[in-house]
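Asker: One rule links them: number in the UniProt record's numbering = place in the sequence shown (from 1) + 231.
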Amino acid sequence: VVKPPDVNVLVDHLDRLTERDPDQPLRIVIVDDDATLGAYYEMALQSAGMRTRLVTNPMQAMEAIYDHNADLVVTDLIMPQCTGFELAAVLRQYDGLLALPIVFLTADLDAETYRSAVRTGIDAYMTKPVDLGDLAETVRARARRARQLKALMVRDGLTGAYNHLMIQDLLASEVARARREGTALAFAMLDIDHFKKVNDRYGHGAGDRVIKGLSRLLHQRLRRTDMIGRYGGEEFAIIMPHTAPQDAVDRLNLLRQQFSDIPYVHGDTPFQVTFSGGVAGFQDGRDAKALNQMADAALYRAKNAGRNRIEL
Ligand code: GH3
Ligand code: MG
Ligand code: MG
Ligand code: MG
232 VVKPPDVNVL VDHLDRLTER DPDQPLRIVI VDDDATLGAY YEMALQSAGM
282 RTRLVTNPMQ AMEAIYDHNA DLVVTDLIMP QCTGFELAAV LRQYDGLLAL
332 PIVFLTADLD AETYRSAVRT GIDAYMTKPV DLGDLAETVR ARARRARQLK
382 ALMVRDGLTG AYNHLMIQDL LASEVARARR EGTALAFAML DIDHFKKVND
432 RYGHGAGDRV IKGLSRLLHQ RLRRTDMIGR YGGEEFAIIM PHTAPQDAVD
482 RLNLLRQQFS DIPYVHGDTP FQVTFSGGVA GFQDGRDAKA LNQMADAALY
532 RAKNAGRNRI EL
């Protein structure tokens with residue numbers, strides 16, 4: 232019934248939700264077939280500092296959620312086109328919306344309705360007439376926590392880099408954008424050299440410090456618009472929008488130099504670590520999978536050519 236968004240829209244949504252400023256106003260979508268009531272809720276949430284978007288037709292809810300980049304949805308239960316339950320059931324089918332809180336507003340509160348609501352995955356249930364103060368507090372608390380959860384969901388715990396799934400989604404999204412806008416895009420894969428030896432000689436704690444060290448360097452030295460993901464154990468993937476492949480190689484060579492200069496110590500023993508990298512550039516006809524394979528093949532060449540180098 233409700234049209235599902237395409238993957239790229241989902242990814243844009245997730246990415247915008249993880250923006251670095253957690254203090255920006257909470258964004259709320261209100262679904263109520265009664266426009267007057269809806270405007271009344273909007274006013275209450277707006278005066279509590281939130282940004283709202285009202286839809287009076289639940290069929291437009293999904294689009295509004297993505298378009299408004301919603302942190303939370305408030306929905307009426309009884310509406311002519313579909314019920315609030317049906318809407319919630321559809322929303323809950325998307326991984327990208329799992330953390331999206333859904334707050335129900337309804338006049339009816341029999342036990343069976345309550346149980347169905349809980350089963351559907353709603354987060355809060357408020358009976359009409361709704362106290363506007365209660366509404367604002369409930370919405371604020373749940374939207375805020377959802378935002379925090381979402382930020383955690385797409386990040387790797389050790390390094391804070393995007394996790395594998397997220398960086399793959401972001402790559403698909405950036406490839407689509409580069410194709411649409413005709414802009415350059417580079418994708419790189421990095422792998423720490425002889426990392427097993429680091430673990431074997433200095434222990435896993437030291438190994439973890441090295442992984443975190445590389446992640447920190449990447450986050451400090453790359454552009455804010457570059458996206459950094461932890462691909463696997465000691466492998467990182469980097470998406471560089473608006474960057475020609477050779478420029479990506481040059482930049483990564485600089486980072487490679489800086490990383491190999493970091494003086495690690497284990498007890499009294501100093502040690503240094505290097506990484507290798509493979510770069511692929513977007514051009515027409517190449518999708519995310521092709522870029523993955525090309526970057527991987529280039530990385531393999533870098534390893535075979537003696538490591539501590541970047542190949543294109
Ligand atoms: P190469 O130069 O060919 O990449 O050699 P390598 O030893 O780095 O080989 P490979 O990339 O296959 O080895 C990765 C090792 O990284 C294997 C695993 O024990 C270790 N590793 C994976 N994840 C973690 C982690 O989170 N922490 C630590 N300390 N070690 C990890
Ligand atoms: Mg109604
Ligand atoms: Mg590896
Ligand atoms: Mg390695």
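Quick reminder that beta carbons are idealized off the backbone N, C-alpha and C, glycines included.
Roughly how many whole angstroms lie between the Cα atoms of Ala-536 and Leu-448?
Answerer: In the sequence shown, residue 536 corresponds to position 305, counting from 1. In the sequence shown, residue 448 corresponds to position 217, counting from 1. Going by the C-alpha atoms only, they are around 24 Å apart.
Asker: Rounded to the nearest angstrom, what separates Leu-402 and Thr-358 at their Cα positions?
Answerer: Taking the first residue of the sequence shown as 1, we reach residue 402 at position 171. Taking the first residue of the sequence shown as 1, we reach residue 358 at position 127. So the alpha carbons of these two residues sit roughly 43 Å apart.
Asker: Rounded to a whole number of angstroms, what is the C-alpha to C-alpha distance between Val-349 and Met-458?
Answerer: Start at 1 with the first residue of the sequence shown, and residue 349 comes out as number 118. Start at 1 with the first residue of the sequence shown, and residue 458 comes out as number 227. So the two alpha carbons sit approximately 37 Å from each other.
Asker: Rounded to whole angstroms, what's the CA-CA distance from Thr-505 to Phe-426? Just pull it up for me.
Answerer: Translated into the one-based positions of the sequence shown, residue 505 becomes position 274. Translated into the one-based positions of the sequence shown, residue 426 becomes position 195. When rounded, the distance between both Cα atoms is 9 Å.
Asker: For the putative contact between Glu-466 and Met-397, defined by C-beta atoms under 8 Å, what is the C-beta separation to the nearest angstrom?
Answerer: Taking the sequence shown and counting its residues from 1, one reaches residue 466 at position 235. Taking the sequence shown and counting its residues from 1, one reaches residue 397 at position 166. About 15 Å separates the two Cβ atoms, so there is no contact after all.
Asker: In angstroms, rounded to a whole number, what distance separates the CA positions of Thr-460 and Val-361?
Answerer: Numbered from its first residue, the sequence shown carries residue 460 at position 229. Numbered from its first residue, the sequence shown carries residue 361 at position 130. Residue identity differs from the one stated: residue 460 is Gly in this sequence, not Thr. Cα to Cα, Gly-460 sits roughly 44 Å from Val-361.
Asker: According to DSSP, what are the bridge partners of Phe-495?
Answerer: On the sequence shown, position 264 is the one that residue 495 refers to. The question names Phe, but residue 495 is Tyr in the sequence shown. Tyr-495 is bridged to Phe-502.
Asker: Rounded C-beta distance between Val-334 and Ala-320? I'm assuming under 8 Å.
Answerer: Mapped onto the sequence shown, residue 334 falls at position 103. Mapped onto the sequence shown, residue 320 falls at position 89. Not quite, the Cβ-Cβ distance comes to about 16 Å (not below 8 Å), so this is no contact.
Asker: Pick out the complete beta strand (DSSP E) segments inside the UniProt domain "Response regulatory" (258-374), 3 residues or longer, and give them in chain order.
Answerer: Segments of the beta strand (DSSP E) lying fully in the UniProt domain "Response regulatory" (258-374): 258-262, 282-286, 303-307, 333-337 and 355-358.
Asker: Count Cβ pairs between the stretch 286-301 and the stretch 257-274 that sit closer than 8 Å; are there 3 or more?
Answerer: The stretch 286-301, when compared against the stretch 257-274, does touch it at the 8 Å Cβ threshold.
Asker: Could you check if Glu-542 belongs to the surroundings of ligand 4, using beta carbon to heavy atom distance under 7 Å?
Answerer: Stepping through the sequence shown from its first residue, residue 542 is reached at position 311. No, the Cβ of Glu-542 stays beyond 7 Å of every heavy atom of ligand 4.
Asker: Less than 7 Å between the CB of Asn-539 and some heavy atom of ligand 1, yes or no?
Answerer: By 1-based counting over the sequence shown, the position of residue 539 is 308. Every heavy atom of ligand 1 is 7 Å or more from the Cβ of Asn-539, so no.
Asker: Give the single residue among Leu-380, Gly-464, Arg-408 and Thr-456 whose Cα lies nearest to the Cα of His-435.
Answerer: Residue 435 sits at position 204 when you count from the first residue of the sequence shown. The option with the nearest alpha carbon to His-435 is Gly-464.
Asker: May I ask you to report which of helix, strand or coil DSSP gives Phe-467?
Answerer: Numbered from its first residue, the sequence shown carries residue 467 at position 236. Strand at Phe-467.
Asker: What residue does the alpha helix (DSSP H) around Asp-422 start on, and which one ends it?
Answerer: Residue 422 sits at position 191 when you count from the first residue of the sequence shown. Note, Asp-422: premise wrong, no alpha helix (DSSP H); beta strand (DSSP E) at 416-423.
Asker: Would you report the Cα separation of Asn-239 and Val-406, rounded to the nearest angstrom?
Answerer: Within the sequence shown, the letter at position 8 stands for residue 239. Within the sequence shown, the letter at position 175 stands for residue 406. Residue placement at Asn-239 cannot be trusted, given a pLDDT of 49 that sits under 50; the coordinates are not used to answer.
Asker: Taking a contact to mean a Cβ-Cβ separation below 8 Å, would you say Gly-315 touches Leu-308 in this structure?
Answerer: Reading the sequence shown from its first residue, position 84 is the one you call residue 315. Reading the sequence shown from its first residue, position 77 is the one you call residue 308. Yes, they are a contact pair.
Asker: Using only alpha-carbon positions, find the residue among Tyr-271, Val-260 and Leu-363 that is nearest to His-299.
Answerer: Reading the sequence shown from its first residue, position 68 is the one you call residue 299. If we check each option's Cα against that of His-299, Val-260 comes out closest.
Asker: Could you name the residues that DSSP lists as bridge partners for Glu-542?
Answerer: Here residue 542 refers to the residue found at position 311 when the sequence shown is read from its first residue. For Glu-542, which the question treats as bridged, DSSP gives the partners Gly-509.
Asker: From which residue to which residue does the alpha helix (DSSP H) around Tyr-531 run?
Answerer: On the sequence shown, position 300 is the one that residue 531 refers to. Counting along the chain, the alpha helix (DSSP H) containing Tyr-531 begins and ends at 519-535.
Asker: Give the straight-line distance between the Cα atoms of Gly-280 and Leu-257, rounded to the nearest whole angstrom.
Answerer: Along the sequence shown, one-based indexing puts residue 280 at 49. Along the sequence shown, one-based indexing puts residue 257 at 26. The straight-line gap from Cα to Cα measures roughly 8 Å.
Asker: Which residues does DSSP list as the beta-bridge partners of Pro-472?
Answerer: Indexing the sequence shown from 1 puts residue 472 at position 241. Answer by DSSP bridge pairing, in chain order: Leu-416.
Asker: Any chance the stretch 507-521 sits against the stretch 471-484, with 3 or more Cβ pairs inside 8 Å?
Answerer: Counting Cβ pairs under 8 Å, three or more are found: they touch.
Asker: Flag Asp-307 as yes when its Cβ comes closer than 7 Å to any non-hydrogen atom of ligand 2, and as no otherwise.
Answerer: Counting from one through the sequence shown, the residue named residue 307 turns up at place 76. Yes; taking the cut-off as 7 Å, the Cβ of Asp-307 has a heavy atom of ligand 2 nearer than that.
Asker: Terminal residues of the continuous alpha helix (DSSP H) containing residue 609?
Answerer: This structure gives no information on residue 609, because the portion of the chain shown stretches from 232 to 543.
Asker: Count the other CB atoms within 10 Å of the CB of Met-310; is the residue buried (16 or more) or exposed (fewer)?
Answerer: The residue labelled residue 310 in the question sits at position 79 within the sequence shown. Buried, since its Cβ has 16 or more Cβ neighbours within 10 Å.
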